[in-house]
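Some notes on the structure that comes next.
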Amino acid sequence: MTLWWIVLLACAGTLASKFLGYLVPPRWVAAPRPNRIADLLTVALLAALIAVQTFAVTDPATGGPGVAVDARLPAVLVAAGLFAIRVPYVVVVFAAAGVAAALRAWLVWPG
Amino acid sequence: MADRRAVVSSGIAVGIAVAAYGVSFGALAVAAGFDVWQTCILSLVMFTGGSQFALIGVVASGGLAAGPAAIASATLLGVRNLIYGIRMRPVVEPSGLQRIAAPWLTIDESTAVALAQHRPELRKVGFWATGIAVFIGWNLTTLAGALLGNVLGDARMWGLDAAAAAAFLGLIWPRLVTRQAGAVAVGAASVALLVTPVSVPGVPVLVAGVVALIIGWWDVLGRRGSIA
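Quick mapping for you: the protein sequence lines, in order, are chains Y and H.
Note that our numbering has the first sequence beginning at 1016, numbered continuously upward.
Note that our numbering has the second sequence beginning at 9, numbered continuously upward.
Structure below.
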């Protein structure tokens, strides 16, 4: 599978969702359950992505996937703190990058 | 008229805020191995931030082999746009070419600004103003980020991998207002980490989606406390 196929198929999948929404008769989803699951699915997938993005590594011994604590964790914790005090999104994203970059550059932090 | 102008400016303000992190998307996509064209097509066609970040995140960690999981993650994250579409059709009442433009522009931001208005005509204005402002801003800054990313080189040296995690955190933050959402977030993150060492990249995120199905189906910790 080439990168182009990944791009095109994923675009098709997400666009299909958008167009289907305008075609589905509203009464099909009048029940709260589908709405609730769609909302929670977004939360679950994003939370899982955050976890993976923060902790997943390639295990140097086996070459397979693994989990480790490195410069990304303090960066994400700083980001959480900044979001909690309502610092604007972009500033937080840059701050997180800065924390990880600085730890790696100056503290010889693992990973 | 004054109301109308206020709605348009709030739409534009949202567009500017979102555009600012288009730069981080562009840079991260290039760091994940996508070229500038592919990066721009994602923003033009997919045009839904969460799915776009998910796609490049999974490909960044798993490479081409993680393609199917990356596509599935992006598609599943986009399912909320389906629900938005159902809510927005009677609000926007699209006709002619709008039947293509309206679903295309149906995202978190345009839906939120539209539904925050109380008069039907202002809801329409809010939808279109926000959708168009975000579309223009998001695509211009994606291009800028992709070009910038090409110059930056090693993404990790600049902390861009941590920036991706922070970007997701920002997307999820406004949704963590209920105990139910918080429980789903913690549960899904734990499941993903448990599964990570024993599976291939992309799969842990999909498996974590099951947490939402279980809690959502039985409305665990829900406000109503009863099964819908």
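Beta carbons are placed, not taken as given, at the ideal position from N, Cα and C, and that holds for glycine.
*Quick one: does Ala1071 of chain Y have its CB under 9 angstroms from some CB of chain H?*
yes
*Close beta carbons around Thr138 of chain H, own chain, < 6 angstroms, minus the five adjacent residues each side*: Gly19, Val22, Glu117, Ser118 and Val121
*Inter-residue spacing [alpha-carbon to alpha-carbon] between Asn89 of chain H and Gln125 of chain H*: 19 angstroms
*Would you kindly work out how many angstroms separate the C-alpha atoms of Val203 of chain H and Leu130 of chain H, rounded to a whole number?*
Cα to Cα, Val203 of chain H sits roughly 47 angstroms from Leu130 of chain H.
*asked:* Does chain Y have any CB closer than 9 angstroms to the CB of Pro212 of chain H?
replied: yes
*What do you reckon, are the CB atoms on Val87 of chain H and Ala74 of chain H nearer than 9 angstroms?*
no
*In whole angstroms, what is the alpha-carbon distance linking Ala1062 of chain Y and Gly210 of chain H?*
Straight through space, the alpha carbons of Gly210 of chain H and Ala1062 of chain Y are spaced by roughly 13 angstroms.
*Do we get a CB-CB distance below 9 angstroms when we pair Ala1086 of chain Y with the residues of chain H?*
yes
*With 16 as the cutoff for other CB atoms within 10 Å, does Thr1029 of chain Y come out buried or exposed?*
Buried: at least 16 other Cβ atoms inside 10 Å.
*asked:* I need the boundaries of the beta strand (DSSP E) containing Pro1080 of chain Y, first residue and last residue.
replied: Pro1080 to Val1082
*By DSSP, does Ala1076 of chain Y sit in helix, in strand, or in coil?*
coil
*With a cut-off of 8 angstroms on the beta carbons, I'd call Gly34 of chain H and Thr150 of chain H a contact; round off their distance for me.*
4 angstroms
*Does DSSP put Ala1071 of chain Y in a helix, a strand or coil?*
strand
*Give, in chain order, every residue of the region 136 to 152 of chain H whose Cβ lies closer than 7 angstroms to some Cβ of chain Y.*
Taken residue by residue, none of the region 136 to 152 of chain H has a beta-carbon sitting less than 7 angstroms from a beta-carbon on chain Y.
*Taking C-alpha atoms, which residue in H:Met96, H:Ile223, H:Ala175 and H:Gly71 lies nearest to Val1107 of chain Y?*
H:Ala175
*asked:* Closest to Trp181 of chain H by C-alpha separation, out of Y:Ala1120, Y:Leu1122 and Y:Ile1065, would be which residue?
replied: Closest in alpha carbon position to Trp181 of chain H, among Y:Ala1120, Y:Leu1122 and Y:Ile1065, is Y:Ile1065.
*Would you call the region 1039 to 1059 of chain Y and the region 213 to 225 of chain H touching, i.e. three or more CB-CB distances under 8 angstroms?*
yes
*So is Ile20 of chain H in contact with chain Y if we call contact Cβ pairs under 9 angstroms?*
no
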